[in-house]
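Those protein sequence lines, which keep their order, are chains X and E.
With the first letter of the first sequence counted as 1, position 553 gets the number 553 in UniProt numbering; the numbers rise by one all the way through.
With the first letter of the second sequence counted as 1, position 368 gets the number 368 in UniProt numbering; the numbers rise by one all the way through.
C-beta atoms are modelled at their ideal positions from N, C-alpha and C, and glycine is treated no differently.
In what follows, a structure is listed as structure tokens, so that the remarks can point back to it.
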Amino acid sequence: MKSHVCALFFFFFSSLLLAQKKDYSILSISDSLKENANAVVRFNQTDITILSQRSMNTKNHRIVTVLNEKGFDATESFEFYDKSTSVKNIEAIIYDAFGKEIKKVRRKDFKDQSVVGGGTLFSDSRYLYLDYTPISYPFTVEFISEVQTSSTAFIPKWMPLQGFNTSVEKASLNVVFLKDLGFKKKEFQFSNFDIKKTLDTDTQLSYVASNILAQKQEDYSPSYRELFPKVMMGLEYFHLEGVDGTATNWVDFGKWYSEKILSGTTDLPEETKTKIKALVGEEKDPIKKAKIVYDFVQKKSRYVSIQVGIGGWKPMLATDVDRLGYGDCKALTNYTKALLQAVDVPSYNTVLYGDAYKTNIESEFVSMQGNHMILSIPTGDHYTWLECTSQDDPFGYQGTFTDDRDVLVIKPEGGEIVHTKIYDDKGNKQTDKGSYAIDQNGTLTGAVSIVSEGSQYSSKSRVETLQPTEKEAHYKEYWDYINNLKLGKITFNNDKENVRFTEDIQISAANYATISANKLIFAVDVFNQNSTNVKRIRNRKNPFQFQRGYIDTDEIEVSLPTGFAIEFLPSNFELKGKFGEYKTEIIKKENNKLIYKRSISVNKGKYSNKEYDEYRLFMEQVSRNDNAKIILTKN
Amino acid sequence: MKFSTFFSLVSLLFVLSKATAQEFKLGKVSIAELEQRVHPKDTAAVAAILYKKGSSKIEFNQNDGFVLVTEVETRIKIYKKEGYNWANQSVVFYIGSPSSREKVDYSDAVTFNLVNGKVEKTKLKSDGIFDENVNKYRSRKKITMPNVKEGSVLEFKYTVRTSNIGMMHDWDFQTSIPVNYSEFKTYIPEYYVFNARQKGYVFPKVATQKNNRSIVLTNKERVSTVGLRAGTVKTEYSTDKLDYIETETTYSSEHFPAMKEESFVNNIDNYLSSISHELSMVKAPNRPIEMYSADWNSVVKTIYDYDTFGPELNKTGYFEDDIKTVLNGLNTPDEKIIALLNYVKSSVKWNGYFGYDCDSGVRKAYKEKTGNIADINLMLTAMLRYAGLTANPVLTSTRSNGIALFPNRTAFNYVIAAVETPTGYVLLDASDKYSVPNVLPLRVLNWQGRLIRKDGTSEDVDLMPKKVSNDIVFLSYAIDPEGKVSGKARRQCFDHNAMIIRNNIDGLKEEEYLEKLENENNKIEISDYVRTNQKEILLPTIETYSFTGNNLCEVIGGKIYVDPMLFFSNHENPFKQEIREYPVDFGFPFLDKYSITIQIPEGFTVETLPAPVVMNMEDNLGSFKFVIAQNQNVLQLNVVHQINEAIVTTEKYDMLKEYYKGMVAKETEKIVLKRI
């Protein structure tokens, strides 16, 4: 599935200058802050002043020492702007390692660029950024900016540590706000960090964070957003692109969203209503009706992202989508809703974070969140979820982009936090059935049928849409351990009704078995060798996790060449542990035939840093056994 | 490199023939086109360009004089959803200076669908047209077509107007989907001379004809009547008719296939069929001829005369004092070259921008310690000259910019320095910290460059490395009865290989690097790691370390199976494609050599040894040697893999693929040890 994230939300990283004599020399940085660090944030002060429901001013004053080529991003020397947000000041000063000023960069020397790119066709948002060529490392960037906006729907999150391999000497936040705007905040992951709340009154909030050491990024680690300290902030009474809003609880917020953002957007031309009613015909079952409507939308529309003004939040009118046949996630979701309405099936716009990395809407903090929209249809005691930006997804399939996470369902009577569908480990299946033969020259010929279901469906089914050269490259990558691989006939069966994708593939490969003197040696597992390379990590710090489990089962018939005797067969093998299970078995049959059976399952779960080596050894044994060889000797 | 033979097809270009008469008109979409389910010649195509017709016309108008008007009409068929991106179109245009800014308009944009056997048209309206200001110089006009479905046919037209005659857009006859018909016409008055250049693997037909044209100029003249009442002014009108010859040239192509990406390709755009036009001369009536570029010499002259090029080479005042110190006590040219190259590298950093002409100017770049390619390498050239060496700039084109095939200012985007020595040119690039004399960064290794001398003469310089870059490994290890391996490795990398290693190591902490090395090499454990010559970049890089590995041998049925080259063996043939469209580009010739000593465990003896092998490719393209010998419980293995040419033509692809297949098979062959 394509990852279509609309710009529902913009995060404004912004700030203020406190006149103070700073020490810009690198000599004063302690060794502990330099360890594992590409950059050291020496000083980072953010001052947010909320003057009214329609006015927020953010000042940043940041001093960052960049230690090497990878450290520049930590300077965050950029600001976004658009029609409701203006950059009032932006400047930077560069210092050498000893703290001597080497360059001043004024506003006019910042680069000004449109944010359009990737999946977005058009957006009126732009940004100013510092384009600086380092002369030598280390060096220090002092960045000062001020941004004024009328949108108070998004108060930037405070995250003193913005990523891996960065350390923080001192970072502070000062927020000043009016008493009656309903300012609220929520703190996350403060433990194990030196963060002091220095002020917390009904008009002010301040924090100071000191000496946060740099952390290395480690494989399978949770996102830094779930590891590092952060403060979410919001107003109960906010403003967004000309519309005042309320966020006291999800019910009221949902009502506001329905009335102020969504209402009046779902009208349809009579002609289209008649057409969709005719298509649905006598059908009474709401889900069957919805399938007809979803199919209609998939055939009629395509995803095009256009973000202009309030259009960044408000869906395009359903009549426009009907006429133009395109729209972004909000537009297509809303259009589908309008069509369902026409055939009396209720459905709701649903706001969430669309990402293969599962991210929840923070249910304990009522505010504008998310980056994507889908549609939910109440179905008895649960919901059916529709991804309306995809022209290929099976009805109700959530793949790996919107599954298993908290989302906000917007009903006219109010908002509600709901958890989306969880794809059970045992349902994320790949089932291989096939056969292969080895001839006396070591050449392999074989055929396999691979059936993928559950969350494995989403990664496999995209193969169907590849061009012939891409398809060839895909399989040569998939079986990269088979040298001289030649692909024969490839056929697919995409059973969308049961969400099951079948690949039937014929292959051959010269020299698959290596010949040493009078022996043939080859790995018995041809079709599904585990390629997960679990790295050794010295002193792992963070926990690790698998967001989705899976199970693969293979049953392959092997034909051995005539004139050879089996000198060695790998023994049966079994592993069981908290991470999963693995089992292989070879059964001798008549006429030089073997049956090879293999199964592996990995469990979804979160594990401590201490358990990592255990996992690595588990996968290492799997890889080694997947590569177990048969030896044949010529008679 | 045989530059000339490789592109000999170019000479077949101008086969003059009348393009087949084809009638393509906007709005005339046929039922057959709408009904078509797949492309007849490429059934996998997601979309196809049914026709694309363009013209660039130099026309006269009373207000602006001669202007350049380009009109392009396109009809696209969408076969599959994956082709929906073709419904989003855009034109990038120049908005920099008022005198040469461009104006773009889309018109006649319609989506055609077949609904119940009837043609349904949906017009593009203003809500599907967007203007995006990319930056100070460029803007982009975008459209997204309405009502697009599988099977739709889309049509649109755009017009680009500018009074800068020199800005004719390039025309591509090919793209990533099939192009059924493509036609490009130019209408050029006799006052303008363009160089037209075509490139690619397939070429369009060309036809020309001369047209008689005339323009009527209305002159308005304010005349003072000289006489008694001085100061009276009257307006007189006069008309002049000017006849001129216009050359109409038509380039047309039919059924050009889709372009497909391949691995080991320098830059696929080099093989894309396209035509570009560059203004080389203006000969307006009653005015002196203005020359721009016609042949390499005039291109070079034009570039040399740019304020941002030639004059920058002549400035020396800003560095003289510093350079005297740098050169103090140095006598030989080699010493001076190295000293100046290092000096520029350490005092001015590359800001990431290409260009053969200066951006900041050498003086400012020197002061601010940062500049573009020209700032850096023209400064280096000037310093080399100042040191008494015969140094000149060499114009080049980076790999990403494509090959500079024709005399053309825009063919270049980069400049390096060359010093003439009795043994040939020494090529230098001070923008890359690991580049040394005659070892240029990979981005510069792109066929030929053009050297410019002070007197304005110029000549071609081959940029492709001739010298083989060595990678020499000594490996000595012992196997224990459980199949565990412990040993020592020493690896020396020379020239381009050294530059690659240095760039890989750059910025990596040693622990990080070792973790990577361990994980990439079958999870060996490394100790006693020593790196020599990391900073002495004229010398090869040397790495030595001890290692142990548990996964390097397989123990099967009491026998030990040894991959004799351990983690140095090539397990995969990189050439997987059955058919190769474009040449294989290795960047530089190379030689990988391994000397391996293997100690077999007590109580074991060799059951089988891989047989020695020697493979030689034709035309001395490359060779592989694998020699193994046993001396009691010690095995000695020598392996050499050598490719002598940086670029391998497609005719040799099958041979190369077979060679790699044989090499991989041999390198993965096991030594079998059995108990005595």
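Three-state secondary structure assigned by DSSP to residue i
i: Ala-447(X); result: strand
i: Asn-511(X); result: coil
i: Pro-378(X); result: strand
i: Pro-160(X); result: coil
i: Pro-393(E); result: strand
i: Met-565(E); result: coil
i: Asn-174(X); result: strand
i: Thr-400(X); result: coil
i: Arg-598(X); result: strand
i: Leu-262(X); result: helix
i: Gly-166(E); result: coil
i: Val-362(E); result: helix
i: Val-622(X); result: helix
i: Glu-190(E); result: coil
i: Leu-26(X); result: One point to set straight first is that residue 26(X) is Ile, not Leu, in the sequence displayed. Correct three-state label for Ile-26(X): helix.
Test: residue i CB closer than 9 Å to a CB of chain E
i: Gly-325(X); result: yes
i: Tyr-481(X); result: yes
i: Asp-320(X); result: yes
i: Pro-134(X); result: yes
i: Leu-594(X); result: no
i: Ala-473(X); result: yes
i: Met-619(X); result: no
i: Asp-112(X); result: yes
i: Ile-631(X); result: yes
i: Phe-568(X); result: yes
i: Asn-484(X); result: yes
Residue-level contact to chain X via CB, residue i, 9 Å cutoff
i: Trp-350(E); result: yes
i: Tyr-84(E); result: yes
i: Thr-668(E); result: yes
i: Ile-556(E); result: yes
Beta carbon proximity, residue i to chain B, threshold 9 Å
i: Asp-626(X); result: The structure shown contains no chain B; its protein chains are X and E.
Between the CA atoms of residue j and residue i - distance to the nearest angstrom
i: Phe-618(X); j: Lys-657(E); result: 37 Å
i: Phe-72(X); j: Gly-96(E); result: 30 Å
i: Gly-83(E); j: Val-46(E); result: 5 Å
i: residue 678(E); j: Asn-297(E); result: Nothing can be reported for residue 678(E), as the shown portion of chain E is limited to 1 through 676.
i: Glu-101(X); j: Leu-538(E); result: 34 Å
i: Thr-457(E); j: Lys-283(E); result: 24 Å
i: Leu-621(E); j: Thr-650(E); result: 13 Å
i: Leu-9(E); j: Gln-198(E); result: At Leu-9(E), the pLDDT of 33 sits below 50, so the modelled position is not reliable; the number obtained from the coordinates is stated separately. Answer to the nearest angstrom: the Cα atoms are 11 Å apart.
i: Phe-361(E); j: Thr-308(E); result: Before going on, a small fix: residue 361(E) reads as Gly here, not Phe. Distance between the alpha carbons of Gly-361(E) and Thr-308(E): 7 Å.
i: Leu-51(X); j: Asn-57(X); result: 8 Å
i: Asn-192(X); j: Ile-155(X); result: 25 Å
i: Gly-424(E); j: Trp-350(E); result: 27 Å
Complete beta strand (DSSP E) runs within the segment 322–361 of chain X (minimum length 3 residues, chain order): 348–352
Anything in the segment 632–665 of chain E with a Cβ closer than 9 Å to a Cβ of chain X? List those residues in chain order, please. Lys-661, Val-664 and Ala-665
Contiguous alpha helix (DSSP H) assignments of at least 4 residues, all confined to the segment 434–506 of chain E: 495–505
Can you give, in chain order, each stretch of the alpha helix (DSSP H) that sits fully within the segment 629–669 of chain E and has at least 4 residues? 653–667
Any residues in the segment 379–403 of chain X with a beta carbon nearer than 9 Å to a beta carbon of chain E? Which ones, in chain order? Gln-391 and Asp-392
Return the chain-ordered ranges of every beta strand (DSSP E) run that is complete within the segment 520–570 of chain X and spans a minimum of 3 residues. Within the segment 520–570 of chain X, the beta strand (DSSP E) runs of at least 3 residues that lie entirely inside it are, in chain order, 544–546, 550–559 and 564–568.
Using a Cβ-Cβ cutoff of 9 Å, what residues of the segment 503–522 of chain X are near chain E? List them in chain order. Those residues of the segment 503–522 of chain X that come within reach of chain E (Cβ to Cβ, closer than 9 Å) are Ala-510, Asn-511, Thr-514, Ile-515, Ser-516, Ala-517, Asn-518, Lys-519 and Ile-521.
Along the segment 41–57 of chain E, where does the CB come closer than 7 Å to a CB of chain X? Name the residues. Result list: Ala-44.
Chain X contacts made by the segment 117–131 of chain E, where a contact means CB separation under 8 Å: Along the segment 117–131 of chain E, the positions whose C-beta sits under 8 Å from a C-beta of chain X are Thr-122, Asp-127, Gly-128 and Phe-130, read in chain order.
Going along the chain, which unbroken runs of the beta strand (DSSP E) with 3 or more residues stay wholly within the segment 25–81 of chain E? For the segment 25–81 of chain E, whole beta strand (DSSP E) runs of length 3 or above, ordered along the chain, are 47–61 and 65–78.
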